[in-house]
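Have a look at the structure below, then the notes.
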Amino acid sequence: MSNLQQYIDLETVLSAEEIVHFLNSEGDTTLQLFTTARKIKLNYIGNVVHFRGLIEFSNICRKNCYYCGIRKDNNAVQRYTLSEDEIVSAAQFAHQNGYGSIVLQSGELASPQFTDFIERILRKIHDTTNGQLGITLSLGEQTEETYLRWKQAGAHRYLLRIETSNPALYQQLHPNNPLHSFHSRLNCLLTLKKLDYQVGTGVMIGLPFQTPEDLANDLLFMRQLDIDMCGMGPYIEHEQTPLYAYKDSLLPLQKRFDLTLKMIALLRILMPKINIAATTALQAIDPLGREKAIQIGANIIMPNITPSKYRQHYLLYENKPCTDENADDCLSCLEARISMINHRIGKNERGDSLHYQQRKRNT
Ligand code: 5AD
Ligand code: SF4
Ligand code: FES
158 MSNLQQYIDL
168 ETVLSAEEIV
178 HFLNSEGDTT
188 LQLFTTARKI
198 KLNYIGNVVH
208 FRGLIEFSNI
218 CRKNCYYCGI
228 RKDNNAVQRY
238 TLSEDEIVSA
248 AQFAHQNGYG
258 SIVLQSGELA
268 SPQFTDFIER
278 ILRKIHDTTN
288 GQLGITLSLG
298 EQTEETYLRW
308 KQAGAHRYLL
318 RIETSNPALY
328 QQLHPNNPLH
338 SFHSRLNCLL
348 TLKKLDYQVG
358 TGVMIGLPFQ
368 TPEDLANDLL
378 FMRQLDIDMC
388 GMGPYIEHEQ
398 TPLYAYKDSL
408 LPLQKRFDLT
418 LKMIALLRIL
428 MPKINIAATT
438 ALQAIDPLGR
448 EKAIQIGANI
458 IMPNITPSKY
468 RQHYLLYENK
478 PCTDENADDC
488 LSCLEARISM
498 INHRIGKNER
508 GDSLHYQQRK
518 RNT
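With my numbering applied, the sequence shown corresponds to residues 158 to 520, in that order.
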């Protein structure tokens with residue numbers, strides 16, 4: 158087994174076997190993994206965390222992913238959509254409070270009206286914040302034309318999780334119809350790259366039927382796709398979903414948490430200059446989950462800035478944190494948490510990944 162220390166100044170290719178070895182590791186080997194990833198992060202990125210204010214502006218979704226609490230067929234969900242003004246106000250809150258970027262996220266909707274709605278909002282946000290805010294979209298699979306229009310209206314980045322890079326596992330987690338096709342999803346990621354978005358993807362960790370080999374391949378997939386950003390988190394079961402039937406076959410929550418930290422550390426070693434989010438799902442398992450992720454390689458936090466009254470309706474998984482808080486609460490909470498781990502917030506900075514900046518210089 159290779160000594161990780163030698164990789165600190167290199168962008169390293171670990172083999173799938175080596176990755177599996179670290180995913181299965183405990184004790185000193187895991188510690189070595191975390192220490193190396195931490196050093197790499199401090200070397201390339203430093204002790205800075207960038208914020209993306211997350212606006213979950215609608216929980217209406219046309220899809221039926223088996224794992225997700227807001228899937229179309231879950232009739233227990235009270236559906237909502239924020240008004241244009243509510244969305245723009247949330248973006249202004251982010252801007253005024255020094256968040257360099259926002260993420261607009263919703264269930265997957267697709268219609269000419271929806272494309273227009275987002276386009277109008279992007280232009281309004283651009284105008285009211287002097288074009289200073291970095292804007293990430295997380296709005297699922299769309300046509301190339303829609304992606305292009307949104308980019309021209311001011312979006313810079315797009316997050317579309319592949320969920321798993323194993324097509325057979327993808328199929329087990331989704332209904333068998335064209336709306337839920339692995340290949341369409343992959344094509345969307347390629348289209349987004351072609352359109353010159355900063356592209357982010359990610360996977361869920363600890364899914365039923367998922368193996369350590371799958372997870373190793375997920376990391377190699379991300380490297381192969383040459384992504385700029387990643388958001389990955391533990392799978393957390395939701396009672397009102399079909400996948401809940403497999404809850405007894407899952408790894409214990411703590412193990413899913415540990416595995417997620419290892420995935421983040423390994424990705425930091427494989428791709429030293431990308432942006433990696435410390436996702437909220439980590440905090441659903443461990444109150445210090447996001448801090449732990451930052452200490453071993455993550456550099457992005459997505460504070461929720463959705464108006465409080467809507468938050469309890471955007472429950473993709475159980476025990477989602479911050480559903481009773483408002484944007485001010487989350488801001489002061491995070492400021493304290495980040496200074497406690499000797500990091501600082503990159504206020505008023507967009508925080509584009511070094512990976513992206515370097516890619517741009519080379520083209
Ligand atoms: N547990 C963890 N993450 C989930 N997501 C959806 N459902 C769950 C769940 N039960 C994630 C998916 C999706 C993102 C918006 O939320 O990865 O892409
Ligand atoms: Fe809809 Fe996304 Fe949930 Fe799938 S994961 S049901 S696309 S909100
Ligand atoms: Fe929301 Fe701590 S981040 S309350």
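For glycine and all other residues, C-beta sits at the position ideal for the given N, C-alpha and C.
ASP383 and LEU423 have their C-alpha atoms spaced approximately 15 Å apart. Within the DSSP secondary-structure output, THR300 pairs in no beta bridge. Straight through space, the alpha carbons of MET379 and PHE274 are spaced by roughly 31 Å. By the 16-neighbour rule on beta-carbons within 10 angstroms, SER496 is exposed. The stretch 449 to 462 and the stretch 477 to 485 touch, with three or more beta-carbon pairs separated by less than 8 Å. A contact is defined here as three or more CB-CB pairs under 8 Å, and the stretch 169 to 180 meets this definition with respect to the stretch 368 to 375. As computed with DSSP, CYS387 is found in a beta bridge with THR358, ILE433. The alpha-carbon of GLN452 is positioned some 21 Å away from that of THR358. Less than 7 Å divides the Cβ of ILE259 from the Cβ of LEU290. Judged by the Cβ position, GLU265 qualifies as a neighbour of the ligand SF4 at the 6 Å threshold, a heavy atom of the ligand being closer than this. Taking C-beta atoms under 8 Å as the contact rule, ALA312 and LEU279 qualify, at a distance of about 6 Å. Counting only the Cα atoms, GLN189 lies some 43 Å from GLU301.
Secondary structure at GLU482: coil, using DSSP grouped into helix, strand and coil. Within 10 angstroms of the beta-carbon of ARG501 lie fewer than 16 other beta-carbons, which makes it exposed. With a cut-off of 8 Å on Cβ pairs, the stretch 221 to 239 is in contact with the stretch 466 to 473, counting three or more such pairs. GLU320 has its alpha-carbon roughly 11 Å from the corresponding atom of GLN367. The alpha-carbon of ALA438 is positioned some 6 Å away from that of PRO391. Cβ neighbours of CYS225 within its own chain (closer than 6 Å, five residues either side excluded): LEU473.
In this structure, HIS207 has its CB at a distance of at least 6 Å from all heavy atoms of the ligand 5AD. DSSP places SER341 inside the alpha helix (DSSP H), whose first and last residues are 339 to 351. For LEU211, the distance from the CB to the nearest heavy atom of the ligand FES is not below 6 Å. Rounded to whole angstroms, the separation of the alpha carbons of HIS340 and MET361 is 18 Å.
With a cut-off of 6 Å, the C-beta of LEU445 is classified as distant from the ligand FES, since no heavy atom of the ligand falls inside that distance. Shortest Cα-Cα distance from PHE214 to any of ASN334, MET389, GLY255, GLU265 involves GLU265. DSSP links GLN262 through a beta bridge to GLU213, SER295.
Taking 6 Å as the cut-off, one finds no heavy atom of the ligand 5AD near enough to the beta carbon of MET420.
Residue environment for VAL170: exposed (fewer than 16 other C-beta atoms within 10 angstroms of its C-beta). Here LEU261 is near LEU294, since their CB atoms are less than 7 Å apart.
Rounded to the nearest angstrom, the gap between the Cα atoms of ASP242 and TRP307 is 18 Å. For LEU410, the enclosing alpha helix (DSSP H) covers residues 410 to 427.
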